[in-house]
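A short write-up of the structure that comes next.
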Amino acid sequence: MILYHTSKIEIMLPDIHYGRKNADFGQGFYLTPDYDFTYRWAWQDAIVNKYELDLDGLYVHSFSRSIEWFEYIFHNRRAEDRLDADIVMGPIANDTIFDTLGIISSGYLSSEEALKLLMIGPEYTQVAVKTGKAVKQLKWLGSDKVTGVKEYKELLKKEKDEYQEEFAKTMQRLNED
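If you read the sequence shown in the working numbering, its first letter stands for residue 317, the second for the next number, and so on.
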């Protein structure tokens with residue numbers, strides 16, 4: 317499996333303990349199989365690191381956009397990782413996850429209603445390498461310097477505008493129900 321990670325530096329040997337404990341899939345080294353997505357979120361003078369991951373012998377848990385995925389993220393955002401996996405794969409929670417979790421905590425929306433909000437917009441995949449065993453099976457293949465950031469930022473802005481429009485419509489529908 318070919319994966320990418322954007323950084324300010326080349327990362328030949330990833331550190332799974334470096335990132336936030338309250339990320340979508342808990343603490344780990346995050347990558348994506350989507351080359352285009354990697355560039356969308358890059359900044360000028362960034363480095364896109366390329367890896368090959370051998371999944372043989374690893375416990376891999378894959379999510380789709382579902383209640384199970386939502387609840388896993390919900391707990392991880394509170395630094396309560398409840399899954400013992402070498403690799404966790406699945407959709408990236410959209411930018412409203414913090415707002416959505418706040419709305420749920422206040423009792424305004426149910427988990428099912430919140431999931432409707434999280435289903436809006438394009439779906440990009442993330443892969444979290446969570447154990448030393450998995451890191452040993454992640455081979456660094458090289459890196460590229462990011463170019464063309466302006467074009468990707470314009471695409472990202474358009475996507476975000478479309479997302480916010482659909483989010484507002486969904487909130488209105490939920491309020492009407």
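No residue lacks a Cβ here, since even glycine has one placed at the ideal position from N, Cα and C.
- Taking one beta carbon from each stretch, the stretch 399 to 407 and the stretch 373 to 381 have 3 or more pairs nearer than 8 Å; the two touch.
- The residue among Asp361, Trp456, Val462 and Lys432 with its C-alpha nearest the C-alpha of Arg489 is Lys432.
- By the beta-carbon neighbour count (other beta carbons within 10 angstroms, threshold 16), Ile408 is buried.
- Contact holds between the stretch 337 to 356 and the stretch 426 to 444, because three or more Cβ pairs, one in each stretch, are under 8 Å apart.
- Under the three-state reduction of DSSP, Leu433 is assigned to helix.
- Taking 9 Å as the cut-off, the Cβ atoms of Ile383 and Lys324 do not count as close.
- In this structure, Lys449 keeps its C-beta atom at 9 Å or more from the C-beta atom of Asp370.
- Unbroken beta strand (DSSP E) stretches of 3 residues or longer found wholly inside the stretch 334 to 360: 345 to 347, given in chain order.
- Contact between Glu368 and Ile332 fails: their C-beta atoms lie close to 17 Å from each other, not under 8 Å.
- Spatial neighbours of Lys337 in its own chain (CB-CB distance under 7 Å, excluding positions within 5 residues in sequence) are listed in chain order as Gln343 and Ala395.
- When the alpha-carbon of Trp359 is set against those of Gly406, Lys485 and Val462, the nearest one is in Val462.
- No residue range can be given for Gly373, since it is assigned to no alpha helix (DSSP H) and is classified by DSSP as neither H nor E.
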